[in-house]
Amino acid sequence: MLAQTPPMGWNSWNTFGPDIDASVVLETIDTFERAGLKAAGYEYIVIDDLWEADARVDGRLTWDPVKFPNGIKPLADYAHSKGLKFGIYSCAGSHTCAGKPASYGYEEVDAQTFAEWGVDFLKYDFCYAPPGISGPSLYRRMGQALRATGRPIVFSICEWGTHKPWEWGAQVGGHMWRTTGDIADSWQSILDIGFRRQIGLDAYAGPGHWNDPDMLVVGMYGKGNAAQGGCTDAEYRSHFSLWCLLAAPLMIGCDVRQMNAATRAILMNKEAIAINQDALGRQAYHVGAISHGPEVASVWAKPLEDGSIAVGLFNLGERNGRLVMVAWEALGLIENRPCRVRDVWRGEELGVFSGSFTTRVDRHDVALVTITPLR
Ligand code: GLA
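Heads up: the sequence shown begins at 491 in the working numbering, then just goes up one per residue.
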């Protein structure tokens with residue numbers, strides 16, 4: 491079964507947008523190996539919109555000959571030769587969001603084309619959808635067409651949460667579905683898409699089917715296609731921690747060829763990734779928000795397979811050193827149960843606690859901990 495844990499990889503859109511080409515893809519594949527991203531679990535190399543030529547040839551989608559002079563299959567083959575997987579983009583309407591030919595009415599032939607190229611992942615967007623056919627039906631058509639190819643292809647639904655895809659995404663063959671519009675590289679966007687819009691969606695995620703709060707902006711620092719001011723390292727750490735807790739697909743959106751030490755430390759933290767990839771496949775629930783005026787703390791909890799609970803204690807306010815607390819009661823633990831607490835970002839055991847755990851968290855930062863009941 492595909493996507494038993496949230497898919498991990500890279501997508502071209504956030505940084506490259508229209509400027510994606512074969513050499514970026516090849517260098518990204520090389521970087522996956524060289525920089526340790528592959529070893530950390532990142533697997534899918536996904537080309538987003540604007541890989542396409544302006545028109546079909548013999549009824550088939552084809553590539554932009556300038557950006558991809560040798561076509562798409564050699565890129566998929568190269569990814570496979572490095573033990574990676576390869577993904578591409580199309581759209582459920584007549585055109586992609588950037589106006590290129592898309593798959594409405596061509597679902598079967600396009601799925602076949604992608605399978606022939608060795609595609610392992612399809613991101614499927616929702617622009618230019620024809621009137622009179624429901625969103626779920628359009629996605630069902632491509633889900634069916636992909637299955638009929640016989641090739642295992644992760645089906646990534648991107649209809650921005652318009653028709654509550656968490657309610658039907660898995661039934662039409664989706665392995666993940668976007669829950670919102672596009673993320674931007676700003677703290678405001680992380681607050682809105684991550685902290686506000688994911689509340690209550692945890693019931694819909696599980697092995698093989700995941701809520702997708704969009705690609706990561708970690709490491710973009712205001713550069714690229716989704717640019718907007720950028721974030722601090724603390725903000726990127728909070729963003730990544732939340733996505734790990736949410737069991738979100740971890741699709742890197744920065745230019746991995748240019749990662750600095752802070753970006754590498756965030757994207758390749760083994761313990762944070764293990765929380766995201768935990769076999770139980772639970773998405774964190776929102777424990778609660780505590781606010782005193784603009785000083786907001788937010789707490790999220792993700793039950794793990796071994797009986798531990800991963801907890802994110804976030805300071806969304808502007809003051810450093812804010813105390814943030816989680817009570818055992820909110821985690822489903824008996825009050826006096828002693829638990830071992832480990833700080834993920836520090837890589838440190840913090841000791842044994844019962845009843846509750848409280849820690850200081852700086853502005854826009856997070857304490858990501860695992861809480862392990864002692865027997
Ligand atoms: C939509 C999607 C984005 C990206 C662009 C490409 O906006 O939501 O993630 O794929 O289209 O045009």
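The beta carbon of each residue, even a glycine, is placed where N, CA and C say it ideally should be.
Three-way DSSP call (helix, strand, coil) for residue i in this model
i: W607; result: helix
i: N766; result: helix
i: A601; result: helix
i: R754; result: helix
i: L864; result: coil
i: T505; result: helix
i: T722; result: coil
i: D548; result: coil
i: I799; result: strand
i: S593; result: coil
i: L736; result: coil
i: E657; result: helix
i: E461; result: Only positions 491 to 865 of the chain appear in this structure, which leaves residue 461 out of reach.
i: Y711; result: coil
i: E808; result: coil
i: F616; result: coil
i: S844; result: coil
i: F558; result: coil
i: V834; result: coil
C-alpha distance - residue i paired with residue j, whole-angstrom precision
i: Y629; j: G589; result: 19 Å
i: E838; j: L858; result: 11 Å
i: G664; j: N826; result: 42 Å
i: E606; j: D509; result: 25 Å
i: D567; j: G608; result: 7 Å
i: A791; j: P703; result: 17 Å
i: K557; j: S593; result: 21 Å
i: T505; j: I623; result: 33 Å
i: L691; j: A762; result: 21 Å
i: T586; j: S580; result: 6 Å
i: T518; j: G720; result: 22 Å
i: T773; j: G802; result: The residue asked about is misnamed: residue 773 is Gln in this sequence, not Thr. So the two alpha carbons sit approximately 12 Å from each other.
i: D833; j: T849; result: 10 Å
i: L864; j: V831; result: 10 Å
i: R546; j: T603; result: 12 Å
i: E523; j: L516; result: 11 Å
i: G696; j: P626; result: 20 Å
i: A512; j: H653; result: 35 Å
i: I647; j: D600; result: 16 Å
i: C744; j: A717; result: 10 Å
i: K583; j: D544; result: Note that residue 583 corresponds to Gly in the displayed sequence, not to Lys. Those two C-alpha atoms are separated by around 15 Å.
i: A635; j: L735; result: 32 Å
i: T552; j: A817; result: 56 Å
i: M632; j: T639; result: 11 Å
i: L840; j: R668; result: 36 Å
Rounded distance between the beta-carbons of residue j and residue i, thought under 8 Å
i: R812; j: V856; result: Not quite, the Cβ-Cβ distance comes to about 11 Å (not below 8 Å), so this is no contact.
i: Y614; j: F645; result: 7 Å
i: M710; j: G526; result: The Cβ separation is near 20 Å, so there is no contact.
i: I861; j: I780; result: That pair is no contact at about 18 Å.
i: L681; j: P496; result: So it is not a contact: roughly 21 Å between Cβ atoms.
i: F616; j: E657; result: Incorrect: roughly 16 Å between the Cβ atoms, too far for contact.
i: A820; j: V777; result: 5 Å
i: D844; j: P828; result: With the sequence shown as reference, residue 844 is identified as Ser, and Asp is not the correct amino acid for it. That belief holds up - the Cβ atoms of S844 and P828 are roughly 5 Å apart, short of 8 Å.
i: L492; j: G698; result: 7 Å
In DSSP terms, what residue i is bridged to
i: G499; result: Y534 and M741
i: W553; result: E542
i: S781; result: V786
i: N701; result: W667
i: R850; result: L813
i: A791; result: Y775 and V801
i: D682; result: The partner list for D682 (beta bridge, DSSP) is empty, contrary to what the question assumes.
> Is it true that the region 498-510 meets the region 533-549, where meeting means three or more beta-carbon pairs spaced less than 8 Å apart?
Replying inline: yes
> Just checking, does the region 791-800 make contact with the region 723-730 on the three C-beta pairs under 8 Å criterion?
Replying inline: no
> Counting pairs of Cβ atoms below 8 Å between the region 806-824 and the region 739-756, do you hit three or more?
Replying inline: no
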